[in-house]
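A.B. asks: The structure that follows is given in the form of structure tokens.
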Amino acid sequence: MTSPGATIRPAVHADLKAVADIYAHYVLHTVTTFDETPRSAAEWERRLDELSGSGLPFLVAELSGAVAGFAYAAPWRPKPAYQYTVEDTVYLAPDATGRGLGTALLGPLIAEATRAGRRQMIAVIADGGR
267 MTSPGATIRP
277 AVHADLKAVA
287 DIYAHYVLHT
297 VTTFDETPRS
307 AAEWERRLDE
317 LSGSGLPFLV
327 AELSGAVAGF
337 AYAAPWRPKP
347 AYQYTVEDTV
357 YLAPDATGRG
367 LGTALLGPLI
377 AEATRAGRRQ
387 MIAVIADGGR
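Numbering (my numbering), first residue to last: 267 to 396.
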């Protein structure tokens, strides 16, 4: 899967330091994550393993050999009525915004979540307060 200048592919453990760094930027400089402390690479490893074990997608956007963004689909709520519903998460490196990478990640994310048997995707979008 490619986008202009980007490759969209499944995340691997070697990507998770970059994922942690991208997410940390948003934790430390915005309110969009709803987190107060950045997640460690080990926490991201657990997240990747958990999602992969459930058949859910965790993707990265790679530009010039470096991870420039990531997206994943996670279970929405732990109740049986929500078993086919996921929440999407998409973050881009601060210097990689405005290039269409979010859109490039979202299309394959939806397709992979659908292949995993999910029928609804919810996005929780926070305003940065501007």
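Virtual Cβ for every residue (Gly too), placed ideally from N, Cα, C.
How would you label Asp-315, buried or exposed, when you count the other beta carbons within 10 angstroms and need 16 or more for buried?
C.D. replies: exposed
A.B. asks: Have a look at Ile-274, Pro-304, Arg-305 and flag the residue whose alpha-carbon is nearest the alpha-carbon of Pro-323.
C.D. replies: Ile-274
A.B. asks: Which whole-angstrom value describes the C-beta separation of His-279 and Glu-309, a residue pair presumed to lie in contact below a C-beta threshold of 8 Å?
C.D. replies: The pair is not a contact, with the Cβ atoms about 13 Å apart (cut-off 8 Å).
A.B. asks: Would Leu-371 and Gly-335 be called neighbours here (beta carbons separated by less than 7 Å)?
C.D. replies: Result yes, Cβ atoms of Leu-371 and Gly-335 sit closer than 7 Å.
A.B. asks: Reducing DSSP to helix, strand and coil, say where Val-293 ends up.
C.D. replies: helix
A.B. asks: Determine the DSSP secondary structure at Gly-404, reduced to helix, strand or coil.
C.D. replies: Given that the chain is displayed from residue 267 to residue 396, the structure contains no residue 404 and the question cannot be resolved.
A.B. asks: Excluding the 5 residues preceding and the 5 following Lys-283 in the sequence, name in chain order all residues of the same chain whose CB lies nearer than 6 Å to its CB.
C.D. replies: Ala-307
A.B. asks: Beta carbon of Thr-298, beta carbon of Ala-362: below 7 Å?
C.D. replies: no
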